[in-house]
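Asker:
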């Protein structure tokens, strides 16, 4: 009764092609296009926000249709993608690229790492607040326009999580994440845990399927399944707080946590 909805934040691709990216998925690209349309040069030319979309025929490069690349199909081999010779991978036509905001074209903004964009849009809270969430999730190195089909599963999952965090939360949602720490550095895991705690503080619940000790130790309650993976598992080994599971030492996870807590205590 407490929960109103369940949201699964998985590692599947955000899109099947390169037209979706962190900026479009998290909803800030519309704001960026509005900014460009309000510049003096855009108003003189009569450019509306749609002009600055790479999905719009009037603003995108006509040769590559806004993708920035040309696909070359080869017999018996995977296709090859080369930078578009007409727009030089800028994705937009010459008229669109003639408009700048604070000295940058719309293509320049797409190429910005999220960390740089956070500084560039310091005076635009609607954009900067969303970028802050992505920074908090350790995504500062990603380009705003990084094509969705080139993102790793972990990056796609964290972008999905960022999109949820910038949306209104009703405080009665169960978020389910499957191995969100895969490939993450310890510092990035800390960032992820802080973000998950924000969801919990807002009255939501978080269920994480995970093997990383750093996440286990941060849990309020653990359910240890085993004794092995796949067909060798599926049985309830133990449940309780991380400290209780460590004290019980019922399975490999409990013994690992026991050793971990013992090492911390000895230090």
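Residue numbers (our numbering): 61 to 327.
The C-beta atom is built at its ideal place from N, Cα and C for all residues, glycine as well.
Here the structure is a predicted model, which means the values were calculated and not measured.
If you follow the alpha helix (DSSP H) that residue 185 is in, where does it begin and where does it stop?
Answerer: 185-196
Asker: Starting from the Cα of residue 71, find the closest Cα among 64, 201, 221 and 112 and give me that residue.
Answerer: If we check each option's Cα against that of residue 71, 221 comes out closest.
Asker: With DSSP as the reference, label residue 285 as helix, strand or coil.
Answerer: If DSSP states are grouped into helix, strand and coil, residue 285 belongs with the strands.
Asker: Suppose you measure from the CA of residue 320 to the CA of residue 250; what does that come to, to the nearest Å?
Answerer: The straight-line gap from Cα to Cα measures roughly 18 Å.
Asker: Tell me which same chain residues have a C-beta within less than 8 Å of the C-beta of residue 153, skipping the five on either side of it?
Answerer: 119, 120, 121, 122 and 147
Asker: In terms of residues, what are the limits of the alpha helix (DSSP H) holding residue 91?
Answerer: Counting along the chain, the alpha helix (DSSP H) containing residue 91 begins and ends at 89-97.
Asker: In three-state terms, what does DSSP make of residue 246?
Answerer: helix
Asker: Are residue 214 and residue 242 close, meaning C-beta to C-beta below 8 Å?
Answerer: yes
Asker: If the criterion is Cβ atoms closer than 8 Å, does the pair residue 166 and residue 101 meet it?
Answerer: no
Asker: If contact is defined by three or more beta carbon pairs under 8 Å, each pair taking one atom from either stretch, is the stretch 179-188 in contact with the stretch 132-151?
Answerer: The stretch 132-151 and the stretch 179-188 do not touch, with fewer than 3 CB-CB distances between them shorter than 8 Å.
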